[in-house]
Amino acid sequence: MTTTPAWAERPTRVGALLKGAVLTLIALSVLFPIYMVVLTSLSTQETVTRAGGLVTVPGELSFAAYAELFDGGVVTRSVLVSLGVTGVGTAISLSVTVLAAYGLSRPGSLLHRPMLFLVLLTFLFGPGMIPSYLLISSLGLTDSYWALILPGAVTAFNLVVMRAFFMNIPEEVSDSARIDGASEFRILWRIVLPMSKGVVAVIGLFYAVGYWNSFFNAVLYLNDSAKWPLQVVLRQYVLQGQALVVGQSSTATIAGQSLPPSLAIQMAIVVVALLPVLFVYPFVQKHFTKGVLIGAVKG
18 MTTTPAWAER PTRVGALLKG AVLTLIALSV LFPIYMVVLT SLSTQETVTR AGGLVTVPGE
78 LSFAAYAELF DGGVVTRSVL VSLGVTGVGT AISLSVTVLA AYGLSRPGSL LHRPMLFLVL
138 LTFLFGPGMI PSYLLISSLG LTDSYWALIL PGAVTAFNLV VMRAFFMNIP EEVSDSARID
198 GASEFRILWR IVLPMSKGVV AVIGLFYAVG YWNSFFNAVL YLNDSAKWPL QVVLRQYVLQ
258 GQALVVGQSS TATIAGQSLP PSLAIQMAIV VVALLPVLFV YPFVQKHFTK GVLIGAVKG
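Below is the structure:
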């Protein structure tokens with residue numbers, strides 16, 4: 018007689034209602050702050066003053082804060098920097114991770130065990146800030162965009178997850194291709210990667226979010242503020258309260274109206290920083306269970 022685990026049984030009516038209530042509260046706790054941030058970024062000075070801070074009740078709406086941000090100033094430049102670093106960094110990281118994970122997933126590959134040991138060793142020991150800075154400085158990458166990409170080009174966790182997924186692919190598939198004369202690169206490109214779209218999409222999202230949200234490397238390695246990515250501008254403007262020359266119209270008015278409140282500009286920067294991740298995540302979320310969890314559990 019088979020028994021069903023407790024977590025696999027159908028919930029009672031009371032349990033279902035309680036679960037729905039808890040999920041609703043969790044969703045509201047996440048969505049309500051985003052709602053306040055977006056609404057405040059679209060509010061005028063009078064609405065912000067009336068609310069005494071973040072706006073919760075809609076008043077007069079205005080896109081002046083976003084017009085000020087994208088008027089060719091600091092924020093516009095930082096968005097372009099972040100987009101470039103995220104795109105180039107994700108492409109490099111995915112390429113290196115796929116190649117390394119495929120090589121480490123083949124038991125007979127050259128130096129398989131020592132290389133895998135070095136990768137796993139990074140889970141226990143990190144290089145530290147000062148050695149990392151000395152290395153980047155000695156390579157001549159200080160004040161370079163490469164300093165934002167190369168230090169975090171490969172993450173051991175992502176490499177291990179992708180390797181575990183590759184190891185779950187039946188060896189007979191690769192053996193049959195080798196018998197037909199296919200090289201390892203052809204097997205990887207034509208057989209393994211098409212079967213691994215889920216894990217590649219998820220690992221790509223991990224890398225992209227990491228590059229987009231990264232600010233510490235920029236603070237550490239970049240002295241030229243013109244090369245700052247968006248997250249550093251967000252940190253300087255919101256957390257430290259430093260006034261930045263946001264756009265070219267900072268001393269004028271926008272379409273005959275007064276300048277937007279500083280709080281609205283701050284919240285507009287937060288919205289701009291959130292939008293790419295919120296836009297991409299729903300298209301990749303369906304791959305999480307099939308891509309990462311299966312590979313991590315079975316590997």
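Residue numbers (my numbering): 18 to 316.
No residue lacks a Cβ here, since even glycine has one placed at the ideal position from N, Cα and C.
{"Item": "To which residues does DSSP link L56 through a beta bridge?", "Value": "Beta-bridge pairing links L56 to no other residue."}
{"Item": "Report the residue from A290, Y238, L40 whose alpha carbon sits nearest the alpha carbon of I147.", "Value": "Y238"}
{"Item": "Going along the chain, which residues of its own chain have a beta-carbon closer than 8 Å to the beta-carbon of L176, five neighbours each way excluded?", "Value": "T114, A117, A118, L121, V136"}
{"Item": "Classify P131: buried if its beta carbon has 16 or more other beta carbons within 10 angstroms, exposed otherwise.", "Value": "exposed"}
{"Item": "Would you kindly check if the distance between the Cβ of W229 and the Cβ of V294 is under 8 Å?", "Value": "yes"}
{"Item": "Can you tell me which of L138, A173, A218 puts its alpha carbon nearest to the alpha carbon of P299?", "Value": "A218"}
{"Item": "Assign L33 to one of two classes, buried (16 or more other C-beta atoms within 10 Å of its C-beta) or exposed (fewer than that).", "Value": "The question names Leu, but residue 33 is Ala in the sequence shown. Result: exposed."}
{"Item": "Where are the alpha helix (DSSP H) runs, 4 residues long or more, that stay fully inside the stretch 125 to 207, in chain order?", "Value": "129 to 138, 146 to 155, 173 to 184, 188 to 196, 201 to 204"}
{"Item": "On the criterion of 16 or more Cβ atoms from any shown chain inside 10 Å, does P28 qualify as buried, or is it exposed?", "Value": "exposed"}
{"Item": "Tell me the DSSP bridge mates of L78?", "Value": "S60"}
{"Item": "So which of S95, N234, L205 has the shortest CA-CA distance to T159?", "Value": "N234"}
{"Item": "Tell me whether T107 is buried or exposed, calling it buried when 16 or more other Cβ atoms sit within 10 Å of its Cβ.", "Value": "buried"}
{"Item": "Nearest to V92 by alpha carbon, out of Q283, L247, Y224?", "Value": "L247"}
{"Item": "Taking F233 as part of the alpha helix (DSSP H), name the residues at either end of that continuous run.", "Value": "233 to 238"}
{"Item": "Is T66 helix, strand or coil by DSSP?", "Value": "helix"}
{"Item": "Quick check: the Cα distance between L35 and T73, rounded to an integer number of angstroms?", "Value": "28 Å"}
{"Item": "Note down, in chain order, each residue of its chain lying with its Cβ closer than 6 Å to the Cβ of G104, except the 5 sequence neighbours on either side.", "Value": "none"}
{"Item": "Closer than 8 Å by C-beta to N240: which residues in its own chain qualify, once you throw out the five before and the five after it? Chain order, please.", "Value": "T159, D160"}
{"Item": "Does the distance from the C-beta atom of S60 to that of G76 stay below 8 Å?", "Value": "yes"}
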